[in-house]
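Have a look at the structure below before the remarks.
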Amino acid sequence: MNRTRHTINSTDNHAEDIKGGTVSRRALLAGSAGLALSSVGIAHEAAAEHPHGAAGNTTRAASHSNAVGSLSQRAYSVPTPVANDISHDPSSVPPPVGKREPETIRVDLETREVEARLDQRATFRFWTFNGTVPGPMVRVRVGDTVEVHLKNSEDSWMMHNVDFHAVTGPGGGAEATNCAPGEEKAFKFKARHPGLYVYHCAVPPVAMHIANGMYGMILVEPEEGLPPVDREFYVMQGEIYTAEPFGSEGLLTEDYEKLLNERPEYFVLNGHVGALTDHYPMKAAVGETIRIFFGVGGPNHVSSFHVIGEIFDRVYINGSVTQPPQEEVQTVVVPAGGATIVEFQPEVPGRYVLVDHSLSRVERGLAGWIDVEGEENPEVFEELS
Ligand SMILES: [Cu+2]
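Using the UniProt record's numbering, you'd call the opening residue of the sequence shown number 1 and step up by one each time.
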C-alpha cells in the first residue's frame, strides 16, 4: 500500500515578539489605515455603552484603547502589540492533490493552549490545534485513508479531542481521540465524501472549546480535483466570549454566561482582531482568479460572507463540490460548523474587504483585506470628480 507521510506540520505560533507599531489616532480617523465605509461614528465608548459588559473589572475600558472612531471606518486596522500570535496565515494553503491514486495520509495535530494577542492591548488564552487559529488546513482526495494523530500538549490544562465533519463514524473521531494533557491517540477514516468540511474539538462544553479557537477545515477533493486558480486562501470566522467588554486591555478571561447566551464580545477572522488586516493582509493581482476556502468555526453565529467591491463568480454552496457552483452571487450564508468555497476575479486594483454582512460585527473586530495590484481599468470602474 502506498503510504505517504503527508505530515501536517506544527505551524509555529509566531512566538517572536512583534514590536508594537503605533498608528496615530489622526491617521486612523483620516482612514489612511483602512477602507472608509459610510459609518460616521466618532469615539466609540464601547465600555460605557456596552449592554452586557462586566462592571468593576480590573481591566480598563475600551474608551482608552479603541477611541479611534467607528471601527468600520478603518475596517479594520489595529496597531500590533507585543505578544504571541496565533493567527493562521490565510495564504498558507496546502497545494492541490493532483493526479494520483488514493493513499494513506497521516495528519498530526497537537492541541496547545497559548496566551496570545487578541487586540492591540489585550491577550487571551487561546486553545488551538498546532498553535494557530484556525488549525492547519488538511487537503486530501476522495478515497484517501486519513490517519489522524492527536497529541494533547503536556502544558495543557484541559482535555481535548477532534471531530472531523468529513468522518462517517462515532463523534467524527472525537471519542477515539479524547486526550488528557500529555496523552496521544489516533484513528483512521476513509474520506468517502468530497467537499470542504470543518473540524473542531468536541470535549464538553464543546461550545467553549470551539470559541477558544479549536477549529479548522479539511478539503476532500473530488477525483478530478478542483479547477486550477491563481490564488487560494484559508479563512475562518469565530467568536470570542470575554468577561471584559470589547476593546478592554490586559489578559482577558472567558465568560461562560455570555457563551450560553450567545453574546460574544469579539468576532474575528483567523483568530484575532486585525489578523487578516494588519498581520496577514491577502495579496493578489488584477485578472487573477482567487479562491477562498471559508468556514465558520463559530460556535454559534451564522456568517453572511461578503467581499466588499466584488461579486463571487462562483460559489460552492455549503462547501459541496459535487454540485455545479452557483454563479454571480453577492453574499453567501455560511452556517456555524459549515463552509463554502468562493471564486472571483478582481478587474480593478484596490483594497477588497472580507466581512460578515451582519456589519455590527466589523465593530467587534471582524474584517480581512485583499490588496489587489495592477492596471486601472476605467471601463470597469472609474471615479468621477
Ligand atoms: Cu478542546
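We put the beta carbon where it would ideally sit given N, CA and C, even for glycine.
From a predicted model like this one, the values you see are computed outputs, not experimental measurements.
Looking at the DSSP output, L150 bridges to L109, K185. With fewer than 16 other Cβ atoms inside 10 Å of its own Cβ, N261 counts as exposed.
The three-state reading of DSSP puts R139 in strand, counting E and B together.
Just measuring C-alpha positions, the residue of R351, E223, R231 sitting nearest S92 is R231. Rounded to the nearest angstrom, the Cβ distance from F246 to R364 is 5 angstroms, consistent with a contact under 8 angstroms.
The alpha-carbon of R106 is positioned some 30 angstroms away from that of V315. For K99, there is no enclosing beta strand (DSSP E), as DSSP marks it with neither H nor E. Per DSSP, the beta bridge partners of W369 are V353. Three or more beta-carbon pairs separated by less than 8 angstroms are not found between the region 338–350 and the region 200–213, which leaves the two stretches without contact.
Distance check between P335 and each of E154, G171, Q237, L276 places Q237 closest, using alpha-carbon atoms only.
Taken atom to atom, the span from the alpha-carbon of K99 to that of E288 is near 24 angstroms. Between the region 212–230 and the region 176–185, the count of C-beta pairs closer than 8 angstroms stays below three; the two stretches do not touch. 8 angstroms or more divides the Cβ of G169 from the Cβ of D163. Straight through space, the alpha carbons of E376 and N130 are spaced by roughly 41 angstroms. Excluding its 5 nearest sequence neighbours in each direction, P228 has C-beta neighbours in its own chain below 8 angstroms: P96, listed in chain order. It is roughly 27 angstroms from the alpha-carbon of S304 to the alpha-carbon of R125. Less than 8 angstroms divides the Cβ of G337 from the Cβ of G298.
Taken through DSSP and simplified to helix, strand or coil, H200 comes out as strand.
Of the candidates T331, E383, N300, G195, the residue whose Cα lies closest to the Cα of Q323 is G195. Inter-residue distance for R112 and M159 is about 11 angstroms (C-alpha atoms, whole angstroms). Taking the Cα of D155 as reference, the smallest distance to any Cα among E115, P136, S358 is reached at E115.
By the C-beta density criterion, W157 is exposed, having fewer than 16 other C-beta atoms within 10 angstroms. Nearest neighbour of V142 by Cα position, chosen from V133, E101, G271, turns out to be E101.
Following the DSSP letters along the chain, one finds A207 inside the alpha helix (DSSP H) bounded by residues 206–211. Secondary structure of G247 (DSSP, three-state): coil.
Spatial neighbours of T177 in its own chain (CB-CB distance under 6 angstroms, excluding positions within 5 residues in sequence) are listed in chain order as L150, N161, V162, K185. Not one heavy atom of ligand 1 sits closer than 7 angstroms to the Cβ of M282. DSSP, read as helix, strand or coil, puts Y280 in coil. Per DSSP, the continuous alpha helix (DSSP H) segment holding Y256 begins and ends at 256–260. Within the model, the alpha-carbon separation for A122 versus A83 is close to 9 angstroms. By the neighbour-count definition (other C-beta atoms within 10 Å, threshold 16), D371 is an exposed residue. The beta-carbon separation of H88 and V133, rounded to 6 angstroms, stays under the 8 angstroms limit for a contact.
Per DSSP, V133 lies in no beta strand (DSSP E) segment and is marked neither H nor E. Set against 7 angstroms, the gap from the CB of C179 to the closest heavy atom of ligand 1 is not smaller.
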